[in-house]
Amino acid sequence: MRHTLPLAPQFYVTAPQPCPYLARRMERKLFTALQGDNAELLNDALSKQGFRRSQNVLYRPACADCSACLSARIRVADFQPNRSQRKARARNSDLRRQSSAPWATEEQYALFRRYLDSRHANGGMADMDIFEFAAMIEETPIRSRVVEYSAEPTHGERRRPLIAVSLTDILDDGLSMVYSFYDPDRARSSLGSYIILDHIEIAREAGLPYVYLGYWVPGSPKMGYKSNFDALEIFKNGHWQDIGDPDSHTGETHPLSVAPIAEQVARITLPDTQPIGG
């Protein structure tokens, strides 16, 4: 018997688990499979509605009583770096960028392990082995790139050492930074900010209007740096809006702050612009 994929994507909800961003809260995700001939169209459409990609899955927070996680993106045309960001760009002027197809290497994994052990030793990726890392990099049904940054050789090194890596998706309206990691010994060089600044330049050169940064979470120290970027928009209450004063957004919980799952799904618009519930 021949089986075919459903015409419309099927959405599911994960079981509650501890939130990685805010203490004493539980997270839940709405997700769907990213597969088939229309994978890129689906990824483009749902990215504009606050979804993120992880391998062949698209997901968005759908917590029972918390709506703190807000998808964030930078308007490339309007962006102006601040003083600290200009310094970050200058401090990393020795780095060389190289973009390639999504292919995992042992050098990437070694850097990834050092990054996790230094900054996220207790995070959800802490136990990721090299095979799981390769899956994170390589299992993508859409246009993705691995953007590597290498430094000048020192101490008799024969080749440029790998300093930072970003797994980046190419959307129809921008670049989506899926996951980035870097040399923890160069943390004072503001490498994380530099990678974002460089992606803004890549998007500008390619004529793409946005750089998607993932989720900004008010009250989470891990995500606070994103609000330091100029021309930042957040996806809130079903539409993109300028972030304005970051302190005006709170991560407070309320039993009525999140719509029921069925209502959330009904509001999702697919690539053909027809709402799922329509």
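Counting along the sequence shown from 1, when you hit position 106 you're at 105 in numbering that gives the first Met the number 0, and nothing is skipped either side.
Just so you know, even glycine gets a beta-carbon here, dropped at the ideal spot from N, CA and C.
Tell me the rounded alpha-carbon separation between alanine 265 and arginine 185. 46 Å
With a 10 Å radius around its C-beta and 16 neighbouring C-beta atoms as the bar for buried, classify tryptophan 215 as buried or exposed. buried
I'd like the span of the beta strand (DSSP E) that includes aspartate 168, first residue to last. 161 to 169
If you measure between the beta carbons of proline 17 and leucine 41, is that distance less than 9 Å? no
Cβ-based burial, glutamate 26 [other Cβ within 10 Å; buried from 16]: buried
Residue of Glu147, Ala205, Asn81 minimising C-alpha distance to arginine 95: Glu147
Leaving out the 5 sequence neighbours to the left and right, which residues in its chain are closer than 8 Å to proline 80 when beta-carbon positions are compared? Arg88, Leu196, Asp229
Runs of 4 residues minimum, wholly inside the stretch 51 to 90: which ones carry the alpha helix (DSSP H) assignment? 82 to 90
Tell me the residue span of the beta strand (DSSP E) that contains tyrosine 11. 10 to 12
Counting only beta-carbon atoms, is aspartate 168 nearer than 9 Å to chain D? In the structure shown, chain D cannot be found, because there is only a single protein chain.
May I have the straight-line CA-CA distance separating leucine 174 from leucine 166, to the nearest angstrom? 10 Å
Going straight from the alpha carbon of proline 183 to that of glutamate 106, what length do you get? 15 Å
Per DSSP, which one or two residues make a beta bridge with lysine 279? What the structure shows of the chain is the stretch from 0 to 277, and residue 279 is not part of that stretch, so it cannot be assessed.
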